[in-house]
Structure formats: structure tokens, C-alpha cells
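Notes for the one structure printed next.
Residue numbers (this note's numbering): 188 to 306.
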């Protein structure tokens with residue numbers, strides 16, 4: 188069976204003798220084409236190693252979180268309380284770092300590091 192013959196249905200059904208790498212490639216292709224996941228660099232021209240939820244993936248995530256919250260609220264009489272949390276950047280709230288993309292070289296820089304470099 189040729190690599191081009193691997194469809195997402197065959198992969199998920201376990202048909203054929205699929206290597207681990209071929210399985211990953213086919214599954215990733217199915218997730219991207221089906222709207223379950225997306226690569227932000229294709230949409231927003233940012234870092235290439237990170238994947239976001241696609242429209243369907245985001246909806247499923249939100250539904251799972253609602254189901255989880257409802258379960259604990261009804262079963263255990265618990266309520267969600269928003270609290271500040273520790274994160275690697277030691278910041279509260281927004282955990283994003285503005286990035287700048289050099290269009291000539293394709294290099295991505297943190298905006299705060301770039302500003303410090305030139306000040």
C-alpha cells in the first residue's frame with residue numbers, strides 16, 4: 188500500500204501496516220484539514236512550532252469544560268473560583284508575550300527583548 192493511500196478513516200480504523208511516523212503525519216493532516224487544529228503561523232505569521240485548536244477543536248474544548256464544571260457543581264457541590272496562578276513568566280493574568288517577525292529573514296523575536304537591545 189502506497190503512502191498516498193492512507194486516509195484518515197483507514198488510520199483511525201487501524202487498517203494496513205502503518206508506521207508510527209506515517210500515522211502521525213496522516214493524523215496531523217486529518218486534524219488540520221478537518222478544522223480540529225490549526226497552525227498559528229499560517230494564520231497569524233508567528234512561531235511555527237505551536238498548534239492552536241481549530242474551530243471544531245475549540246468548541247469541543249469548551250463543551251468538555253462546561254461538562255466538567257457542571258459535573259462538579261452538581262455531584263460534589265463545588266464551584267469554580269478564579270484565582271491568580273503562578274506561571275513561568277511570573278506574571279499574573281495575560282500570559283502572552285508579544286512577538287515580532289522579521290519578514291526578510293523569517294526570524295521571530297520577543298518584542299521586549301528587541302526593545303531592550305536597541306534602547
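C-beta: ideal position from N, C-alpha, C; glycine also.
Taking the CB atoms as reference points, tell me whether residue 240 and residue 248 lie closer together than 8 Å.
Sequence index remark: in the chain shown, residue 240 carries index 53 (1-based). Sequence index remark: in the chain shown, residue 248 carries index 61 (1-based). Yes, they are a contact pair.
What number of angstroms, rounded off, separates the C-alpha of residue 289 from the C-alpha of residue 297?
Counting from one through the chain shown, the residue named residue 289 turns up at place 102. Counting from one through the chain shown, the residue named residue 297 turns up at place 110. Cα-Cα distance, rounded: 11 Å.
Pick from 265, 222, 263: whose alpha carbon is nearest that of residue 246?
Stepping through the chain shown from its first residue, residue 246 is reached at position 59. Looking only at 265, 222, 263, the smallest Cα-Cα distance to residue 246 is reached by 222.
Would you mind working out which of 260, 218, 263 sits nearest residue 137, comparing C-alpha positions?
Any question about residue 137 goes unanswered here, given that the chain covers just 188 to 306.
Minimum Cβ-Cβ distance from residue 250 to chain D less than 8 Å
Chain labels in this structure do not include chain D; a single protein chain is all it has.
Is DSSP giving residue 190 helix, strand or coil here?
Against the chain shown, residue 190 aligns to sequence position 3. Note that residue 190 scores a pLDDT of 46, beneath 50, so its modelled location is shaky and nothing firm can be said.
Bounding residues of the beta strand (DSSP E) (the contiguous stretch that carries residue 286):
Walking along the chain shown from the start, residue 286 turns up at place 99. Counting along the chain, the beta strand (DSSP E) containing residue 286 begins and ends at 286-288.
Nearest-angstrom Cα separation, counted from residue 209 out to residue 220
The residue given as residue 220 occupies position 33 in the chain shown. The residue given as residue 209 occupies position 22 in the chain shown. Looking at the two C-alpha atoms, the distance is approximately 16 Å.
How many angstroms separate the CA atom of residue 263 from the CA atom of residue 287?
If you number the chain shown from 1, residue 263 lands on position 76. If you number the chain shown from 1, residue 287 lands on position 100. If you take the alpha carbons of residue 263 and residue 287, they lie about 46 Å apart.
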